[in-house]
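Taking the working numbering, the leading residue of the sequence shown gets 17, the next gets one more, and so forth. The beta-carbon is built from N, C-alpha and C at its ideal position, and this holds for glycine as well. Please read these numbers as outputs of a predicted model, since none were measured by experiment.
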Amino acid sequence: MVKPGIDIPCLDKIVHLFFFSVLSFTIQYELKNHIQIQIYLFIIVYALILGSSIEIIQENFIFERSGEFFDLLADLLGVIIGFTAYKLFTYYISKPLNFKKWLKLFIFLISILIVFTFGYRNLEYNWQWYRVKPFLFVFKNGEFVRGLLLDGIIITLKISCIGLILSLIMGFTSAFARLSSSPVFRFTSWFYVETIRNTPLLIQIFLMYFVIAPVLNISAFWSAIIALSLFEGAYSSEIIRSGILSIPQGQYEAAQSIGLSTPGIYIKIIIPQMLKQTLPMLAGQSISLIKDSALVSTISIYDLTMQGQRIVSQTFLTFEIWFTVALCYFVITASLSFFIRKFEDRINFINQ
Numbered sequence: 017m018v019k020p021g022i023d024i025p026c027l028d029k030i031v032h033l034f035f036f037s038v039l040s041f042t043i044q045y046e047l048k049n050h051i052q053i054q055i056y057l058f059i060i061v062y063a064l065i066l067g068s069s070i071e072i073i074q075e076n077f078i079f080e081r082s083g084e085f086f087d088l089l090a091d092l093l094g095v096i097i098g099f100t101a102y103k104l105f106t107y108y109i110s111k112p113l114n115f116k117k118w119l120k121l122f123i124f125l126i127s128i129l130i131v132f133t134f135g136y137r138n139l140e141y142n143w144q145w146y147r148v149k150p151f152l153f154v155f156k157n158g159e160f161v162r163g164l165l166l167d168g169i170i171i172t173l174k175i176s177c178i179g180l181i182l183s184l185i186m187g188f189t190s191a192f193a194r195l196s197s198s199p200v201f202r203f204t205s206w207f208y209v210e211t212i213r214n215t216p217l218l219i220q221i222f223l224m225y226f227v228i229a230p231v232l233n234i235s236a237f238w239s240a241i242i243a244l245s246l247f248e249g250a251y252s253s254e255i256i257r258s259g260i261l262s263i264p265q266g267q268y269e270a271a272q273s274i275g276l277s278t279p280g281i282y283i284k285i286i287i288p289q290m291l292k293q294t295l296p297m298l299a300g301q302s303i304s305l306i307k308d309s310a311l312v313s314t315i316s317i318y319d320l321t322m323q324g325q326r327i328v329s330q331t332f333l334t335f336e337i338w339f340t341v342a343l344c345y346f347v348i349t350a351s352l353s354f355f356i357r358k359f360e361d362r363i364n365f366i367n368q
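So this is what it looks like as structure tokens:
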């Protein structure tokens, strides 16, 4: 049987999940001097968290379930939810407790939950989440078949990865040209940065695709990548340039006094310190590139956004598809943020 969609009965499981998570917080705070008791109680509470999470997924699974694979997938998602809730609470309670801060957070979460619940019940919309899954993937005769949304995710990742590499190359090149002693290089870099930063990205994509691409015989895919790279490279250029200028002049002089060449000074001394200071800003720019890649759908590239528009026009699953598309972008950008944060921590550890 195909389920008509997710219903609010899962709300009590969500409340249970939140209650057990708060309970884990209380255990560690009240029994901070009784480690052995903490361990036993944590095992029990974590089991309750997992139970609530798995019930939420299994009883309200948004896909049409058939076979052991989807039951196993539901269990896996439940474990992920439970583990995430457990780790979040145990991480934040390791910091000095601020009851006023936690009270505000609790009131905020409850308010959001109430608004979501009433909005969900009063919205006159026939939710059909079970129809989303075929647009992600299906199994036909035991073979994995990608859906339209998954195809769009792959195109988005390709554009973002290539665009990120090219934008960093453009950023470093422009930054070094702006800092060079050649007036031609300095003016060229200044003109590039100011022109790109003061014009909309959408206009740049149209200009690249409709004006420059036909002359140079460039495909739509590469037109989008070039436009994104030039746009993000201009911002990265200023970030990199500011990071280089923040290095004290004495370090240049010290490196020259021990006989390092100019490339050696930048590779071994300047760039490592510059990356440590500018990595958060470059990370934010990388995330912006992924989100800005949605604009390439305007030149008929079937990325994630374009596939979402295509599916909505065919099925009229407006909310379900756009929520799914937004979730896909969130997963991609959040994963990138996580890996960049780990890399930043590693750099800070090495430099200690």
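Which of helix, strand or coil DSSP assigns to residue i
i	result
L352	helix
I255	helix
Y56	Only weak support exists for where Y56 lies, its pLDDT of 47 falling under 50; the value from the coordinates is given anyway. Note: Y56 maps to helix in three-state DSSP.
D319	coil
E336	helix
L139	coil
Q330	helix
S239	helix
Q325	helix
S313	helix
S262	coil
Segment limits, beta strand (DSSP E) that includes residue i
i	result
R213	That residue, R213, is in no beta strand (DSSP E); its alpha helix (DSSP H) goes P199 to R213.
CB of residue i within 7 Å of CB of residue j, strictly
i	j	result
I242	M224	yes
I255	M290	no
I281	I263	no
T321	V328	no
D319	I171	yes
L173	S245	no
L295	E360	yes
G158	P150	no
Residue range of the unbroken alpha helix (DSSP H) whose run includes residue i
i	result
F307	This sequence places Lys at residue 307; Phe is not what is there. Here the alpha helix (DSSP H) through K307 covers I287 to D308.
P279	T278 to I281
G266	Q265 to S273
V231	A229 to L232
F222	L217 to L223
Residue i to residue j span [Cα, whole Å]
i	j	result
A191	A236	28 Å
F124	I130	10 Å
S309	Q323	13 Å
K292	C344	29 Å
R147	G259	49 Å
F160	F153	7 Å
I306	S176	6 Å
T200	I169	Correcting the residue type first, residue 200 is Val in the shown sequence and not Thr. Straight-line Cα distance between these residues: approximately 41 Å.
I55	I219	Below a pLDDT of 50, predicted positions are generally treated as unreliable, and I55, at 49, falls in that range; no measurement from the model is reported.
E336	I317	22 Å
A299	L352	8 Å
T340	F226	31 Å
T349	I303	6 Å
S196	Q272	17 Å
Y208	W238	20 Å
F346	L232	35 Å
Y141	F134	13 Å
Y268	I185	23 Å
T189	A270	25 Å
S252	I234	25 Å
K358	K284	22 Å
R202	I356	31 Å
F132	L217	34 Å
Exercise for review: Let me know the beta strand (DSSP E) ranges lying completely inside the stretch 147-199, each 3 residues or longer, listed in chain order.
Suggested key: DSSP runs (the beta strand (DSSP E)) wholly in the stretch 147-199: 153-156 and 159-162.
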